[in-house]
Amino acid sequence: MKLLAIETATPASSVALGIGRDVVASAERVERRGHAAFIVSALDFCFDQVGWRPHELDAIAIDVGPGLYTGIRVGLSTAQGLAAALGVPLVPLSSLDVIALHAATHRRHVWSVVDVRRGEVAVASYQPVPGGVVKDGPPQLVEVEQFRAILQSDPEDGLVVGDWASLPEGFFRGLHRVKSGRPQFPAAEAMLELAVGRVDREEFPHADEVRPLYLREPDVTINWKQYREEGPWAEQSPA
Amino acid sequence: MTVELSSNGEVDTRAIGRRLASFLGRGDVVLLAGELGAGKTAFAGGLAEGMGIEEPVISPSFMLVRRYAGGFTPLTHADVYRLTTMNELEDLDLFEEARDGVLIVEWGNTVASAMPDDHLRVEIEVTGTNDRVVRLIPCGAWQSRSLKEMVE
Ligand SMILES: Nc1ncnc2c1ncn2[C@@H]1O[C@H](COP(=O)(O)OP(=O)(O)OP(=O)(O)O)[C@@H](O)[C@H]1O
Ligand SMILES: [Mg+2]
Chain A
1 MKLLAIETAT PASSVALGIG RDVVASAERV ERRGHAAFIV SALDFCFDQV GWRPHELDAI
61 AIDVGPGLYT GIRVGLSTAQ GLAAALGVPL VPLSSLDVIA LHAATHRRHV WSVVDVRRGE
121 VAVASYQPVP GGVVKDGPPQ LVEVEQFRAI LQSDPEDGLV VGDWASLPEG FFRGLHRVKS
181 GRPQFPAAEA MLELAVGRVD REEFPHADEV RPLYLREPDV TINWKQYREE GPWAEQSPA
Chain B
1001 MTVELSSNGE VDTRAIGRRL ASFLGRGDVV LLAGELGAGK TAFAGGLAEG MGIEEPVISP
1061 SFMLVRRYAG GFTPLTHADV YRLTTMNELE DLDLFEEARD GVLIVEWGNT VASAMPDDHL
1121 RVEIEVTGTN DRVVRLIPCG AWQSRSLKEM VE
């Protein structure tokens, strides 16, 4: 099975090609901006490396978040476009799951965290099991302080993986049972591993139905009426 | 302390923007308020000049966001007029874009709830064909910053 994995949900973008879960080419970089330019050149680079053509792919895995809005959008639209053009399955994965997969657990309760800014983080927790981790429940969006309280009240020894470096200074002070560790970001290479199983079990939605996983509140409408009604230019379109 | 300045033409509005540049640094957010054609883009253009950006600033209305990296500090200039929802605003990733510099947002008052509490609000009121009153209103932590030198 020839797989492509695209990860642009966090500041560390990466692309990987794999035969099953075995990586045959990958490219990555850490930068908050310019996901679009990265993806195009990274795809070219990876396909060149192994001499594959896109139509040889059997499935595409995409990180749908939580994470950076622009990154997720760029990655998802690229992946969706490719999947549609090639007629192959698109497997959506969560950044938190991808991070947690390779946590060096040491039998600790794993907390996977992604920075979504505005003082909030996306988190999910996982139990260590032989050969991997099992998620406790759906991911949550919590304020940083709330996350700290959750960790504090966790009776188990915890391991925080993911973007903990973005947490405020002193966050871990006093959290004696909690350690922080790697990986810091989700990697396309790890996505291959998760995707293989999903493809085998045919656990994926229709490519058009794949949506970003933002976790944010339902949409708030901007009250333009209030602003546009007054003034002599009210009916005009902006210059 | 609100600073109120009068402008009798586009040149004046640009000059106010230019002068404000020396008060701004990395991480600062300026929200522009004022009706269509009030002079928000003109003000942003003046600010860019003051920041040492040589590229002319044009209305980002269609692009929504433009970034100018040629000055002392990068300037991110956004216009949210075409947005209808807050999620679209999120997608612009403005704070990510502007983290390393100054962010100025036209119609920023309409999305203030999604903006940092600490910002400078600039209101441009149209008082005549070429007359404007420009108000610099510090919000949040901006209140402890002095804008006295803005008044000549
Ligand atoms: N005192 C003034 N200050 C600024 N602009 C002025 C002034 N007097 C007249 N003008 C004119 O008003 C217009 C202001 O245009 P500008 O694009 O800067 O407005 P804006 O507030 O950005 O509008 P929009 O809401 O469409 O983005 C220009 O044509 C300018 O020449
Ligand atoms: Mg304008």
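Chains as they are written, first to last, in our numbering: chain A, 1 to 239; chain B, 1001 to 1152.
Glycine included, each C-beta is placed from N, C-alpha and C at the ideal position.
Proximity test, Cβ basis, 8 Å: residue i and chain B
{"i": "V144 of chain A", "result": "no"}
{"i": "A78 of chain A", "result": "Contrary to the premise, residue 78 of chain A reads as Thr rather than Ala in this sequence. So no, T78 of chain A is outside the interface."}
{"i": "R216 of chain A", "result": "yes"}
{"i": "T70 of chain A", "result": "yes"}
{"i": "R117 of chain A", "result": "yes"}
{"i": "Q236 of chain A", "result": "Caution is warranted here: a pLDDT of 43 is assigned to Q236 of chain A, below 50, making its placement in the model unreliable, and the coordinate value is therefore given only provisionally. Answer yes: the Cβ-Cβ gap between Q236 of chain A and chain B drops below 8 Å somewhere."}
{"i": "G231 of chain A", "result": "Only weak support exists for where G231 of chain A lies, its pLDDT of 47 falling under 50; the value from the coordinates is given anyway. Chain B contact via Cβ: present."}
{"i": "A12 of chain A", "result": "no"}
{"i": "E7 of chain A", "result": "no"}
Contact set between residue i and chain A, taken where Cβ atoms lie within less than 9 Å
{"i": "T1110 of chain B", "result": "I222, N223, W224, Q226 and Y227"}
Residue i at chain A interface by Cβ criterion, 8 Å
{"i": "V1151 of chain B", "result": "no"}
{"i": "T1073 of chain B", "result": "no"}
Any non-hydrogen atom of ligand 2 within 7 Å of residue i CB
{"i": "S1007 of chain B", "result": "no"}
{"i": "E1106 of chain B", "result": "yes"}
{"i": "T1013 of chain B", "result": "no"}
{"i": "D200 of chain A", "result": "no"}
{"i": "T1076 of chain B", "result": "no"}
{"i": "S14 of chain A", "result": "no"}
{"i": "K1040 of chain B", "result": "yes"}
Residue i beta carbon near ligand 1 (any heavy atom closer than 7 Å)
{"i": "K1148 of chain B", "result": "no"}
{"i": "N1087 of chain B", "result": "no"}
{"i": "L3 of chain A", "result": "no"}
{"i": "Y1081 of chain B", "result": "yes"}
{"i": "S1022 of chain B", "result": "no"}
{"i": "N1130 of chain B", "result": "yes"}
{"i": "E1010 of chain B", "result": "yes"}
{"i": "L1031 of chain B", "result": "no"}
{"i": "G1034 of chain B", "result": "yes"}
{"i": "G1037 of chain B", "result": "yes"}
beta-carbon residue i near ligand 3 non-hydrogen atom, thresh 7 Å
{"i": "S1059 of chain B", "result": "Of the ligands this structure carries, namely ligand 1 and ligand 2, none is ligand 3."}
- Query: Taking any Cβ of chain A, which residues in the segment 1082–1105 of chain B have a Cβ under 9 Å from it, in chain order?
  - Reply: R1082, L1083, T1084, T1085, M1086, N1087, E1088, L1089, E1090, D1091, L1092, D1093, F1095, E1096, E1097 and R1099
- Task: Could you tell me whether the segment 124–131 of chain A touches the segment 177–184 of chain A, where touching means 3 or more Cβ pairs closer than 8 Å?
- Result: no
- Task: Please confirm if the segment 69–77 of chain A is in contact with the segment 1087–1102 of chain B, defined as three or more CB-CB distances below 8 Å between the two stretches.
- Result: yes
- Can we say the segment 89–98 of chain A touches the segment 112–128 of chain A, given the rule of at least three CB pairs closer than 8 Å? Yes, the segment 89–98 of chain A is in contact with the segment 112–128 of chain A.
- Query: Does the segment 111–118 of chain A touch the segment 197–207 of chain A, meaning 3 or more C-beta pairs lie closer than 8 Å?
  - Reply: no
- Message: Taking 8 Å as the cut-off, does the segment 185–199 of chain A touch the segment 138–145 of chain A (at least 3 CB pairs, one atom from each stretch)?
- Response: no
- Count the CB pairs spanning the segment 1083–1094 of chain B and the segment 1049–1062 of chain B that are closer than 8 Å, and state whether there are at least three. no
- Pair every Cβ in the segment 48–65 of chain A with every Cβ in the segment 78–88 of chain A, then say whether three or more of these pairs are closer than 8 Å. The segment 48–65 of chain A and the segment 78–88 of chain A touch, with no fewer than 3 CB-CB distances between them shorter than 8 Å.
- the segment 161–172 of chain A touching the segment 19–31 of chain A, judged by at least three CB pairs closer than 8 Å: no
- Using 8 Å as the Cβ pair cut-off and three pairs as the minimum, do the segment 1116–1135 of chain B and the segment 1006–1024 of chain B touch? yes
- Any chance the segment 75–82 of chain A sits against the segment 6–14 of chain A, with 3 or more Cβ pairs inside 8 Å? Under the 8 Å Cβ criterion, the segment 75–82 of chain A counts as touching the segment 6–14 of chain A, having at least three qualifying pairs.
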